[in-house]
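**Student:** Sending over a structure as structure tokens; questions will come in a sec.
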Amino acid sequence: MKKLLFQFDTDLHPSVFDTVVGYDGGADQVIAHGHLTPDNVGPLVEGTIFTRAPKDKKNTAIFVGGSDLVAGQNLLRAVRKKFFADFRVSVMLDSNGSNTTAAAGVAKLASSGTLAGKKAVVLAGTGPVGQRAAVMLAKEGCSEVVITSRQMARAEHACAEMKARFGVDLVPVEAFDDDARAAAIADAQIVFATGAAGVRLLEECHWRDRPDLELLADANATPPLGLGGTDMMDRGTDRHGKIVWGAIGFGTLKLAVHRACIAKLFERNDQVFDAEEIFALAKTMS
């Protein structure tokens, strides 16, 4: 019985990255469909749940991806609405690597120091990775989690979306330039930079001499990095008395978690891997 992974992507062209990791995670065949919405995904879901006997349904699974996290969440919801009784397959959501990247980054921060009771700032945190990282930091007991954006409306919208989905309170902050972002981290112990590729968010001078700052992570692997004075290969590196994780430094865990989740999809036909489940797995692997 072949292990079939159906890649449901909200973008026009399905992610090649997700296809490759699908195979590396143990799928015998990855079948990708792009430009999917809640309105057109129904027949595809029905094809996954009505074709195999109950004992064999674990060999079919669905991966929901794409660049838009909100679109991915809506698609996941539509997929699950088609399930009933034992007519279901396991499904994973990882739009733009949001869950696996955030889970790996926060898991490595958690393995390097105490998160509970600390203030965390997610710089440029309105994207998929930033939103999920903020949630995971809040769930780990951070006393305050800030999401910054160049536009206050975007920061507020991201915080509201995560409040509605996870019930966590996040703080929106407008930070248009380096000086504003430096002010945002003034009393923080944890900083996670999740900006766009190749965009510098802070220079080294903005974080180097802050005595309260303990842990830093940067999800950007494209020069210039988000945090000046760090390296994409940093793996819990001590820099100026702070522990630093670079994008490649925790990216190894991200890929391992992604592959592990794919493998687990084929263990049963009733699993859902979203932020909570993926983060729980990442913590056991970090």
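Numbering-wise, the sequence shown is residues 0 to 285 according to numbering that gives the first Met the number 0. Each residue gets a CB set at the ideal place from its N, CA and C atoms; glycine is no exception. No experiment lies behind these values; they were computed from the predicted model shown.
1. How far does the alpha helix (DSSP H) with T251 in it reach, from first residue to last?
2. Closer than 8 Å by C-beta to M287: which residues in its own chain qualify, once you throw out the five before and the five after it? Chain order, please.
3. Where V57 and F82 are concerned, what is the direct C-alpha to C-alpha distance, given to the nearest angstrom?
4. Rounded C-beta distance between S148 and A185? I'm assuming under 8 Å.
5. Tell me where the beta strand (DSSP E) around I30 begins and ends.
6. Who pairs with P171 in a beta bridge, going by DSSP?
7. I'd like the list of long-range same chain contacts for H156, defined as Cβ closer than 8 Å, with 5 residues on each side in sequence excluded.
8. Between E173 and A181, what straight-line distance do the alpha-carbon atoms span, to the nearest angstrom?
9. Is it buried or exposed, V198, if we count other Cβ atoms within 10 angstroms and call 16 or more buried?
10. Is it the case that the Cβ atoms of D93 and G64 are separated by a distance below 8 Å?
11. Along the alpha helix (DSSP H) that carries F86, what are the first and last residues, could you check?
12. Contact between the stretch 201-220 and the stretch 231-245 is defined here as three or more beta-carbon pairs at a separation below 8 Å; is this criterion met?
13. DSSP on R79, reduced to helix/strand/coil?
14. Jot down the residue ranges of each uninterrupted beta strand (DSSP E) in the stretch 104-156, minimum 3 residues, whole runs only, in chain order.
15. From the DSSP output, in three-state form, read off D217 for me.
16. Considering only the alpha carbon of each residue, which of L200, L215, G129 lies closest to P222?
17. Mark Q188 as exposed unless 16 or more other C-beta atoms lie within 10 angstroms of its C-beta, in which case mark it buried.
18. Just to confirm before moving on: does the CB-CB distance between G41 and P13 stay below 8 Å?
19. Going along the chain, which residues of its own chain have a beta-carbon closer than 8 Å to the beta-carbon of A220, five neighbours each way excluded?
**Tutor:** Let me lay it out:
1. The residue given as residue 251 occupies position 252 in the sequence shown. Run containing T251: 246-264, per the alpha helix (DSSP H) assignment.
2. A query on residue 287 cannot be resolved here, the shown segment of the chain reaching from 0 to 285 and no further.
3. Within the sequence shown, numbered from 1, the residue matching residue 57 stands at position 58. Within the sequence shown, numbered from 1, the residue matching residue 82 stands at position 83. Note on identity: in this sequence residue 57 is Lys, with Val being the wrong assignment. C-alpha separation (whole angstroms): 14 Å.
4. Numbered from 1 along the sequence shown, position 149 holds the residue referred to as residue 148. Numbered from 1 along the sequence shown, position 186 holds the residue referred to as residue 185. Contact flag wrong, Cβ pair sits at about 17 Å.
5. As a position in the sequence shown, residue 30 is number 31, starting the count at 1. Taken as a continuous stretch (DSSP letters only), the beta strand (DSSP E) holding I30 covers 28-32.
6. Mapped onto the sequence shown, residue 171 falls at position 172. Answer is I146, bridged to P171.
7. For the purposes of this step, residue 156 is taken as the residue at position 157 of the sequence shown. T125.
8. For this step, residue 173 is matched to residue 174 along the sequence shown. For this step, residue 181 is matched to residue 182 along the sequence shown. Their backbone Cα atoms lie some 12 Å apart in a straight line.
9. Position 199 of the sequence shown holds residue 198. The residue is exposed, with fewer than 16 neighbouring Cβ atoms inside 10 Å.
10. For the purposes of this step, residue 93 is taken as the residue at position 94 of the sequence shown. For the purposes of this step, residue 64 is taken as the residue at position 65 of the sequence shown. Yes; because the gap between Cβ atoms is below 8 Å, this pair is in contact.
11. As a working mapping, residue 86 is identified with position 87 in the sequence shown. Taken as a continuous stretch (DSSP letters only), F86 belongs to no alpha helix (DSSP H), as it is neither H nor E.
12. Taking one beta carbon from each stretch, the stretch 201-220 and the stretch 231-245 have 3 or more pairs nearer than 8 Å; the two touch.
13. Indexing the sequence shown from 1 puts residue 79 at position 80. Three-state result, R79: helix.
14. Whole beta strand (DSSP E) segments, 3+ residues: 118-122, 143-148.
15. Reading the sequence shown from its first residue, position 218 is the one you call residue 217. In the structure shown, D217 sits in a strand (DSSP, three-state: E or B).
16. Here the question's residue 222 lines up with position 223 in the sequence shown. Minimum Cα distance to P222 is reached at L200.
17. Against the sequence shown, residue 188 aligns to sequence position 189. Label assigned to Q188: buried.
18. Counting from 1 along the sequence shown, the entry for residue 41 is found at position 42. Counting from 1 along the sequence shown, the entry for residue 13 is found at position 14. For G41 and P13, no; Cβs fall outside 8 Å.
19. To locate residue 220, count along the sequence shown from 1; it is residue 221. Around A220: A196, M231, G245, A246, I247, G250.
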